[in-house]
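One structure below.
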Amino acid sequence: MNVYSRPSPAASWVDRPLGWSLALALLCLAPVGVAALINRLALPRPFASQGGVPGLRLLSWNIGRVHLRWESRAADRDLGFVAQVLRQVDPHVAALQELRDPTQLGRLLALLGHGWRGRVPLDAYDRRAALLWRVRGDPFEIPTSTGRAAQGAVLRFERGRVLTVVSLHLDAFDASRRLLQGQEILDAALRTAADDLVLAGDFNFDVAGVARDALDQRLYRLLTSTLSDGAVRAGATSLTARRIDYVFYRSAHWRVSDARVLWQEGIHGMDHRPLVVELEPVTPRPPH
């Protein structure tokens, strides 16, 4: 007795000449679609605005690599990816670390296109902290006694608001050097900033993982004696599950409304993820 079972629509579809090809193509594209959806959901919200004053979005990201043939600085082949992330996140200002030189920064600015400006220190150190911005700004450098300079800029926004932002990268191996570098950069930044100030970058310590009497704790207490830790709830920023990238700030005009780490924004070999901090304008209190 022959038993005949009618194939289901799905089965007959894949049995067609092009069916398996289309099925395989859809299976291959599915992860891409899921990644795109996750990426869209994880991106920051639109800029906040109060009284016509726009909010401010900052990004801090060490774009170097983990021992790329003993070369941990940013790779030229990663610049297109970095530019793509910056265009998606759309920050007003970006503090980037581990750039090699002004030439590499120039390549990144060319990929970003019109409207972006940037600067890296011209010191002799072989890995630099860069600052990029999309508003009117006047750049400046902060040298340190250890030879590792920080890059800053005085940024000018609508309604006459001025914000000083400094991108920095502290020593990865020596806590005493980190403390000295942090002290020198903070002192210089406080002298430069008229009022509102942001220090952003790779500080190379996780305050949650060091003893209370450690040098890194001293540095954290020094920073938070005059500035606020704007990303304290954002979580780890490195593949080693450590929070070593920070955005410290003081401001009478903005306050942090959101801080997050974009974990999906990375490629093989990059050991940091972008830290994004949103600042919203503070509504001035009417005089009594």
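Residue numbers for the sequence shown follow my numbering, beginning at 263 and rising by one. Backbone N, C-alpha and C fix where the C-beta goes; we use that ideal spot for every residue, glycine too.
Checklist entry - Excluding five sequence neighbours on each side, which residues of the same chain lie with their C-beta closer than 7 Å to the C-beta of Tyr482? => result Cβ neighbours of Tyr482 beyond the five flanking positions: Val469.
Checklist entry - Taking just the CA atoms, how far does Arg349 sit from His376? => result For His376 and Arg349, the distance between alpha carbons rounds to 12 Å.
Checklist entry - Can you give the beta carbon distance from Val509 to Leu537, rounded, assuming they're within the 8 Å contact cut? => result Val509 to Leu537, Cβ: 7 Å. Contact.
Checklist entry - How is the alpha helix (DSSP H) around Ala451 delimited, first residue to last? => result Element bounds for Ala451: 437 to 454.
Checklist entry - How long is the line joining the alpha carbons of Pro543 and Leu370, rounded to whole angstroms? => result Roughly 30 Å separates the two Cα atoms.
Checklist entry - In the DSSP assignment, what are the bridge partners of Leu384? => result Beta-bridge pairing links Leu384 to no other residue.
Next on the checklist: For the beta strand (DSSP E) containing Ala434, name the first residue and the last one.
Outcome noted: Element bounds for Ala434: n/a, residue is neither H nor E.
Item to check | Spatially closest choice to Ala493 from Arg522, Arg410, Arg512, by CA coordinates | outcome: Here the closest residue by C-alpha is Arg522.
Item to check | Buried versus exposed, by CB contacts within 10 Å (16 or more), Asp464 | outcome: Buried, since its Cβ has 16 or more Cβ neighbours within 10 Å.
Next on the checklist: Going by DSSP in three states, Ser429 sits in which element: helix, strand or coil?
Outcome noted: Three-state result, Ser429: strand.
Checklist entry - What is the C-beta distance between Arg410 and Gln443, in whole angstroms, given that I count them as a contact (C-beta under 8 Å)? => result About 6 Å; that satisfies the 8 Å criterion.
Item to check | Residue range of the beta strand (DSSP E) that includes Leu489 | outcome: The continuous stretches of beta strand (DSSP E) do not include Leu489, and DSSP gives it neither H nor E.
Checklist entry - What's the call for Ser407, buried or exposed, on a 16-neighbour Cβ count within 10 Å? => result Residue burial is scored here from C-beta neighbours: Ser407 has fewer than 16 other C-beta atoms within 10 angstroms and is therefore classed as exposed.
Item to check | Assigned secondary structure, Arg362 (DSSP; H/G/I helix, E/B strand, else coil) | outcome: Here Arg362 sits in coil by DSSP.
Checklist entry - My guess is that Asp507 and Ser322 are in contact by the Cβ rule of under 8 Å, so how many angstroms apart are they, rounded? => result About 5 Å; that satisfies the 8 Å criterion.
Checklist entry - Of the residues Pro405, Arg512, Ser500, which one's Cα is nearest the Cα of Gly326? => result Nearest C-alpha to Gly326: Ser500.
Item to check | First through last residue of the beta strand (DSSP E) which encompasses Arg396 | outcome: Where Arg396 is concerned, there is no enclosing beta strand (DSSP E), because DSSP gives it neither an H nor an E.
Checklist entry - Tell me the DSSP bridge mates of Glu420? => result The partner list for Glu420 (beta bridge, DSSP) is empty, contrary to what the question assumes.
Next on the checklist: For a quick check, are the C-beta atoms of Val428 and Leu461 less than 7 Å apart?
Outcome noted: Cβ distance < 7 Å, so Val428 and Leu461 count as in contact.
Next on the checklist: According to DSSP, simplified to helix, strand and coil, what is Pro293?
Outcome noted: Here the model assigns Pro293 a pLDDT of 38, short of 50, so the residue's position is not dependable, and the following value carries that caveat. Helix at Pro293.
Checklist entry - Distance, Cα to Cα, Trp516 vs Gly317? => result So the two alpha carbons sit approximately 8 Å from each other.
Item to check | Ser311 to Val539 span [Cα, whole Å] | outcome: Confidence at Ser311 is low in this model, with a pLDDT of 45, below 50, so its placement is unreliable and the value that follows should be read with caution. Their backbone Cα atoms lie some 15 Å apart in a straight line.
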